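Reviewing the structure listed below.
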Amino acid sequence: MNHDNIVVTTTKPREHLIEIARLISEEINIPYLVKGNLSMAKFMETNNLTDVIAVREDRIQIISENGEFFFHPGLAIPRIKNYKKTRYDTMIEAMQLQPSDVLLDCTLGLANDAIVANFILKDKGELVGIESSPLIYAITKWGLKKYSRGSKATQESMQNIIVKNENYDTYLKKLPSKSVDIIYFDPMFNKPLYKSNGICGLRNFANYQQLDQSTIDLALKIARKRVVFKDRSNSSNFGKLNVDEIVGGKYSPVAYGVFIC
Ligand SMILES: C[S@@+](CC[C@H](N)C(=O)[O-])C[C@H]1O[C@@H](n2cnc3c(N)ncnc32)[C@H](O)[C@@H]1O
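Each residue of the sequence shown is one higher than the one before, counting from 485 in my numbering.
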């Protein structure tokens, strides 16, 4: 899919929306264009646009010929609720995440996993999320800032995630050895696991890079404790990448491959 003709605009000419639109325009290097009184369809047609990032009062969304895509925390909120009750989440178990850990999420996406992880870290640890797609980066960064539902603790778990628009290959190369505790990867599946899942909107804009041995080797130099990746439970990657442990997958279509440093 071609995303060459993309701009950011606001749905209403309000100063605080214009300010966010201008920041997004600068951050991901796309033009800011005033929509004026045109309908969104007419605005897109007149300017020959394939996609628009629309800054609205309640949310920031991408409008494209395939529909709309916006930030939502997906299963993060029920997972946090469940964790509070049971003290168990398979991803947290695979990471052996401790509140004071520094966690690097190399494939942030809509930050659903990151929100759950950051609930454990609260303000004791640190979570940096890397997303290479500029559009997903913008939607997630501003979505995490603006989301106003859920408990105060969940909102706080969203607000202090540090979001960066980079490719993990370039980002990892800049990090000193043993500088973070845990490194996490959740690459795109080539075929979606759940058709109705929120990840569907993201699929049009995502990077489909797959994990390889050289990335795992580099991550193992940078991590102090663990490198963890998510994959289908029946994936051949667990064997190919020679994991130390597989967590989950017995009753679930996904499992976590763990490398212990
Ligand atoms: C399956 S999604 C991650 C979903 C995320 N764990 C969540 O809970 O919302 C994978 C994301 O990683 C991003 N990605 C893939 N390869 C990347 C790379 N090399 N560097 C940074 N981000 C990457 C994709 O664009 C996509 O948004």
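Every residue, glycine too, gets a C-beta built ideally from N, C-alpha and C. On a predicted model such as this, the values are computed, not experimentally measured, just so you know.
Comparing alpha-carbon positions, the option among 744, 745, 730 lying closest to residue 738 turns out to be 730. Ranking 541, 529, 598, 489 by CA distance to the CA of residue 516 puts 489 first. Contact check between the segment 554 to 570 and the segment 624 to 638: three or more CB pairs, one atom from each, fall below 8 Å, which counts as touching. Along the length of the segment 694 to 724, whole alpha helix (DSSP H) runs at least 4 residues long occupy 697 to 706, 721 to 724, reported in chain order.
Distance from the C-beta of residue 589 to the nearest heavy atom of ligand 1 is below 8 Å.
Closest option to residue 650, judged by alpha-carbon separation, among 577, 719, 612, 725: 612. Measuring C-alpha to C-alpha distances from residue 654 to each of 697, 599, 702 identifies 702 as the nearest. Contact annotation: residue 492 and residue 622 have beta-carbon atoms nearer than 9 Å. The C-beta separation of residue 539 from residue 505 comes to about 5 Å, placing the pair in contact by the 8 Å criterion. Between residue 664 and residue 707, the CB-CB gap stays under 9 Å. It is roughly 10 Å from the alpha-carbon of residue 658 to the alpha-carbon of residue 652. Counting only runs that start and end inside the segment 567 to 622, the beta strand (DSSP E) elements of at least 3 residues fall at 586 to 589, 610 to 614.
Here residue 627 is buried. Its C-beta has 16 or more other C-beta atoms within 10 Å. Unbroken beta strand (DSSP E) stretches of 3 residues or longer found wholly inside the segment 485 to 510: 490 to 494, given in chain order.
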